[in-house]
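Right, one structure below, let's go through it.
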Amino acid sequence: MDFWSRLLSPLSSGPSRKDQAKDPAKRLHRFEKEYGNLLSTWRSSSNLSQNVEAAEQLEIRLQELTNILSDETRRPLPHPCIQYASMKQIYVPIGKIATISYNEWIIKEAVLFFATLIESEEEAFVENSTFSASLTNLLVRITGVHSVRLGLDTESRVVELAFNITTKIRLDPSILPAWFKTQSGQQDAPKDSHDRFEGRTQRADFPLFYILMDYIQHEGKVGDFARTGLLYIIEAASRSALLEQWVVESDLSTLMATGLGALYSQLSRKLVIDHQPDALPPILALSDYEHPVSNYEIVSSCSLEFQSYLDTFLNHLLFWQDVLNHCKSVEVKTTLLEHFQIIFLQQLLYPSLLESSDIDGGSSVAVLTYLRRILESLDHPDMINLILHYLLALPDTIPEPTSNAETSVSDARKRKSMNLASMLAEKTDTSATPLLFNLVDLILACLRSRNQQTIHVTLQLVSAILKKHHKYAITTLLRTEVLSRTRRRTVGAHEQEIEYLMYMAGLLGGADTLNEVYENVLRDTLLRLESHPCSLRLVAPRSASATQEVADSLPGAPKEVSAHTLRPDDPLLNSMLDLLETFFVNPVETNLSVTETLVWLGICGYMSIEGWLSRHPNDYVFGDDVADADVEADVTSPLSDETDPIAGQGVDPSETEENARIKALTQCRRRPRWSQESLPRMLDIVKRLCDQVTAYKKSIPRFEELVQQRRESFQAADSVQENPLPVRKEPPAQQGTPERQKADAISRSASPSRPSAFEGFAQRLLSELGTPSRTGSPRGRKEQSRSSGTMSPAQTPSGQSVSKPSPFAPMETALSPRDKSGNLVGRGQSPIGHADAVQDGFVESQAAAFAAIDQSILTRRVGLPSRKKMTPIPLDFNKGPVPEPAEAEQPADAGELESTAAEGNDTREEEDAAAATPTTETTASVSHIATNVIIFQSFVMELASLMQIRASLFDEVRFM
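So for the sequence shown, UniProt numbering puts the first residue at 1; every next one is plus one.
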């Protein structure tokens, strides 16, 4: 072996690359070699954007350097490669290579290289000014306008790198000077020198800040990294006076407000509320719901494009809320809120409300929906106060004066904001303000609209305000009055009203499951009452005190809610009660909204329900009847021995006090005289609607059974949603010889089958409606008439059970073809087996006939019953619980509906002819009315549960 062979043989059989990585010296040698090759390739290439081979070599070298550094960070010390990168500042030429390459793959590898150095947390790369200058220059150049277009993955890595730097700054504020440098050289200024800041802010002062600002409106991971990183910078501003001053003077507030306005402007101006055809709720599917018409101008709410725009807008709005939550600086927070009010509220949101109309195809529906989603999404008290304080035209309050050192920046920013507002006001009409037309005027006007969708979304908006921001509704949306120390309702009157409502609910059917349903309603009502922001201070005052401290300190925020009640002449209440008058012909969505809003009116713990929902104690009238005499006798009987001379001459004071307590208890248990005229309008409407249901039972055939079927349909839909049905498997094929299968078929068909529940229901339907048999049909036959007129095998027409052979066998014999020997032919069935087949066909034909009858009834259109035709339900709630509601009488046949409807139409025509201005009667299908009956019954139980839970939770009932 020669000299060169002996020299090269150890190298050829040397350790692998994995073994070299374990040795720090060999790892450093490899790192230096890769870095040298990188520099030589770069210097030998004149134009990387055109030289594909050189760009590929640079990408490979960068990737190799990153892999070495990443592997070294996972190994024990020493880390010579990281020390070499810091000492030689190799990140400077790498940043230049990526900047001038205009190659996405090189840029991506350079970003990964910088990220690896930062994650190593060695050699203080993040605190190094040279490192920060090189990295910020790279980030600014690759994200600029004239840079190469980056892919989503590369863009995500760039923003993630910027986010990692802000995380370091948040954990260690001493890192901030390396990344934030003002051009005036005042980064070393004292923390309290607000007045030393001069000049306008520039992007070069804090490039990382503006890089994140450019990406906050992006979706997905990119937007999340950018928004969170910006939150960390704003949070750090409270610990640096210079950064706080810079943020206030920067265009952060302007960019955020204009960005929010741009996203709001992208939303459709005209909207209709709709549902996907394959995801229509059962309550709408079982009604007269019709999909609204949408086109290129009027957008449907279930459109995927619209949902994407709306979600983007709401996400940016939530980012505003997150910024305010993380911001510890009062100056920055005030600046943001001023821009939010001037640019977004005054220039965009309020003008869209002012210009909306329900005539031009749904602009009112659009803006009211957007406002509701805004109020439902936000929780920050400052933003809620700005929106509702401005739109409801609440009076302004002057904030308490503060020192000049604390308000100089905010005053400067306020002047700048007012200048911006005046500049924007030149392009818009500022003559209309909330002082002339506010949100209350818009809501009351929309509730009088003829567009049902406008009414629906308006009620949803009112419900959202009552649910989350009730204190803003007092004295604005609601006409209330402050309660003094008045009498509470007695336990006797309370039980009387609960029995009244539950009796009305029982009249609507479903007595078998009424108690179970009412228990569920009670639990839901209790949850609503305990979670209401106003009631929270009554139920759990300690947990509510922390949240109330923030809201109490807001300038212009309304005071905390005190005891109040709703006046019976409240316009909002009466508008909703007007809608309740025509409940059964209203759209289902309108009824759901109006009932929910009425319930939310009484959820607040400080709202007294006396006078508008229950009778006022001042209106109680007790009759001088025998019951009163019995009460006096019960009160005086325990003290009859006081006047006995044997018992003594004096009266024990304790017995006198006990006598007074017993008398007070007995007095409170008395029931006031029941008078329908003395009831609040809401309870009176409940009675009239129940009278309408009773009239429907008399005029519509099988109306009560149809309502029960509808109730069972809803219960089945709920059970399917909670417990999806398993996939049904096909039964296995029968095994055995043909003789065995034939014997099994004969044994199964020998015994008569038990009539199904549907068959019994169908026969009972025929007997009730008097439906003629199939002999009257044009194509009827004698054998068919004989079979169709028979009852089930176990019953006679009189209802008595008898033992009787199956009537289908003779029909089978008469109709089945036979061969010469008398055997059945055609399908190879025995006579008994063929009888089963004929019986099944008969049941199916009868089922189809019954379904057709039901469908004909459900599709008929009827209006509201005439008051002249209605028979009021007799009520007596004076002496105790009323009996169970009796079943309503059923009509004799199906033709009564037509005759009754004809009579109703004749009567209504006479009334219309007598009227000066004829009106068009609103009609609905029987199916729609049945669904509304179920909704109305649930609403009545919600009112009863509201009274019952409030009485126990807020101690509203007087027992003595």
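All residues carry an ideal CB built from backbone N, CA and C; glycine is no exception.
Source: prediction; values computed, not measured.
Going by other Cβ atoms of all chains shown within 10 Å of its Cβ, with 16 needed for buried, is H146 buried or exposed? By 1-based counting over the sequence shown, the position of residue 146 is 146. Under this definition H146 is an exposed residue.
Just to confirm, is the Cβ distance from V367 to S356 under 8 Å? As a first step, residue 367 is located in the sequence shown; it is residue number 367 there, counting from the start. As a first step, residue 356 is located in the sequence shown; it is residue number 356 there, counting from the start. Cβ atoms of V367 and S356: closer than 8 Å.
Can you list, in chain order, the residues of its chain whose CB lies under 8 Å from that of V957, leaving out five sequence neighbours each side? As a working mapping, residue 957 is identified with position 957 in the sequence shown. Here the set comprises R488, R489, T490, V491, H494 and A951.
Pairwise C-alpha distance: C446 and I359: Within the sequence shown, numbered from 1, the residue matching residue 359 stands at position 359. Within the sequence shown, numbered from 1, the residue matching residue 446 stands at position 446. I359 and C446: Cα-Cα distance of roughly 11 Å.
At what residues does the beta strand (DSSP E) containing T565 begin and finish? In the sequence shown, residue 565 corresponds to position 565, counting from 1. Its beta strand (DSSP E) spans residues H564 to L566.
Inter-residue Cα distance where the pair is A852 and E589: By one-based count along the sequence shown, residue 852 stands at place 852. By one-based count along the sequence shown, residue 589 stands at place 589. Each residue's alpha carbon lies about 28 Å from the other.
Candidates R269, I142 and K559: closest to N385 by CA position: As a working note, residue 385 is residue 385 in the sequence shown. Selected option, being the one with the closest Cα: K559.
Quick one, which of S364, I343 and E655 has its alpha-carbon nearest T269's? Residue numbering aside, residue 269 sits at position 269 when the sequence shown is read from its first letter. It should be noted that the sequence gives Arg, not Thr, for residue 269. Closest option to R269, Cα to Cα, is S364.
Find the nearest neighbour of E481 within the set I97, D570, L508 and P395, judged by alpha-carbon distance. Residue mapping note: residue 481 aligns to position 481 of the sequence shown, counting from 1. Selected option, being the one with the closest Cα: D570.
Taking only the alpha-carbon atoms, compute the straight-line gap between A762 and Q846 and give it to the nearest angstrom. Within the sequence shown, residue 762 is the residue found at index 762, counting from 1. Within the sequence shown, residue 846 is the residue found at index 846, counting from 1. With a pLDDT of 40 at A762, under the threshold of 50, the modelled position of that residue is not reliable, and no figure is offered here.
If you drop the 5 nearest sequence neighbours on each side, which residues of the same chain put their C-beta closer than 6 Å to that of K467? Mapped onto the sequence shown, residue 467 falls at position 467. Closer than 6 Å at Cβ, skipping near neighbours: W600.
State buried or exposed for G36, treating a residue as buried only when at least 16 other CB atoms are found within 10 Å of its CB. For the purposes of this step, residue 36 is identified with residue 36 of the sequence shown, where counting begins at 1. Answer is exposed; the Cβ neighbour count stays below 16.
Residue ranges of each beta strand (DSSP E) within the region 447-504, 3 or longer: 480-482
Note down, in chain order, each residue of its chain lying with its Cβ closer than 7 Å to the Cβ of P24, except the 5 sequence neighbours on either side. Mapped onto the sequence shown, residue 24 falls at position 24. Only P78 and P80 meet the Cβ criterion.
Could you give the first and the last residue of the continuous beta strand (DSSP E) run that contains K270? Stepping through the sequence shown from its first residue, residue 270 is reached at position 270. Run containing K270: K270 to V272, per the beta strand (DSSP E) assignment.
Contact under 8 Å by Cβ, I443 with L477: Residue 443 sits at position 443 when you count from the first residue of the sequence shown. Residue 477 sits at position 477 when you count from the first residue of the sequence shown. Their beta carbons are under 8 Å apart, which means I443 touches L477 by this criterion.
Endpoints, beta strand (DSSP E) assigned at N299: Residue numbering aside, residue 299 sits at position 299 when the sequence shown is read from its first letter. The sequence shown places Val at residue 299, not Asn. That run of the beta strand (DSSP E) goes I298 to S300.
With contact counted as at least three CB pairs below 8 Å, one residue from each stretch, are the region 54-61 and the region 112-122 in contact? no
Is the separation between the beta-carbon of L538 and that of F954 shorter than 8 Å? Counting from one through the sequence shown, the residue named residue 538 turns up at place 538. Counting from one through the sequence shown, the residue named residue 954 turns up at place 954. Yes, the pair counts as a contact, with Cβ atoms nearer than the cut-off.
So, with DSSP's three-state summary, where would you put M870? To locate residue 870, count along the sequence shown from 1; it is residue 870. Coil, per DSSP.
Once DSSP output is grouped into helix, strand and coil, what is the label at A924? Start at 1 with the first residue of the sequence shown, and residue 924 comes out as number 924. In this structure, A924 counts as strand in the three-state DSSP scheme.
For V222, which option in H380, K33, R157 and L255 has the closest C-alpha, if you only look at C-alpha atoms? If you number the sequence shown from 1, residue 222 lands on position 222. The residue with the shortest Cα to Cα distance from V222 is R157.
At what residue ranges does the region 116-179 contain a whole run of the alpha helix (DSSP H), taking only runs of 4 or more? 129-142, 152-171 and 176-179
Can you tell which of F959, H928 and V594 has the C-alpha that lies nearest to the C-alpha of L665? On the sequence shown, residue 665 is found 665 positions in, with the first residue counted as 1. Considering only alpha carbons, the answer is F959.
Own chain, CB closer than 7 Å to residue 964, minus 5 neighbours either side, in chain order: With the chain represented from 1 up to 960, any question about residue 964 goes unanswered, as that position is not in the structure.
Close-in-space but distant-in-sequence residues of the same chain around R754 (CB under 7 Å, 5 per side omitted): Residue numbering aside, residue 754 sits at position 754 when the sequence shown is read from its first letter. Here R754 scores only 39 on pLDDT, less than 50, and its place in the model should not be relied on; the value that follows carries that caveat. Excluding sequence neighbours, R754 sits near nothing in its chain.
What residue range does the alpha helix (DSSP H) around S253 cover? The residue you call residue 253 lines up with position 253 of the sequence shown. Element bounds for S253: L252 to S265.
Find out if the Cβ-Cβ distance for the pair T582, T923 is shorter than 8 Å. Within the sequence shown, numbered from 1, the residue matching residue 582 stands at position 582. Within the sequence shown, numbered from 1, the residue matching residue 923 stands at position 923. No, Cβ-Cβ distance for T582 and T923 is not below 8 Å.
State the Cα-Cα distance for the pair T99 and H326, rounded to the nearest angstrom. If you number the sequence shown from 1, residue 99 lands on position 99. If you number the sequence shown from 1, residue 326 lands on position 326. Going from the Cα of T99 to the Cα of H326 covers about 34 Å.
How should H29 be labelled, buried or exposed, when 16 other C-beta atoms within 10 angstroms of its C-beta is the threshold for buried? One-based indexing of the sequence shown puts residue 29 at position 29. So H29 ends up on the exposed side.
Could you give the first and the last residue of the continuous alpha helix (DSSP H) run that contains Q83? The residue you call residue 83 lines up with position 83 of the sequence shown. First-last of the alpha helix (DSSP H) with Q83: P80 to K88.
DSSP state of V957 mapped onto helix, strand, coil: Looking up residue 957 in the sequence shown gives position 957. Note: V957 maps to strand in three-state DSSP.
Are the CB atoms of L345 and I374 within a distance shorter than 8 Å? Along the sequence shown, read from residue 1 onward, the residue named residue 374 stands at position 374. Along the sequence shown, read from residue 1 onward, the residue named residue 345 stands at position 345. The answer is no: Cβ separation not under 8 Å.
Taking the straight line between their C-alpha atoms, what separation do you get for I949 and S535? As a position in the sequence shown, residue 949 is number 949, starting the count at 1. As a position in the sequence shown, residue 535 is number 535, starting the count at 1. In a straight line, the C-alpha of I949 is about 12 Å away from that of S535.
Once DSSP output is grouped into helix, strand and coil, what is the label at S329? Within the sequence shown, numbered from 1, the residue matching residue 329 stands at position 329. Reduced to three states, the DSSP call for S329 is coil.
Three or more beta-carbon pairs under 8 Å between the region 299-319 and the region 602-616, yes or no? no
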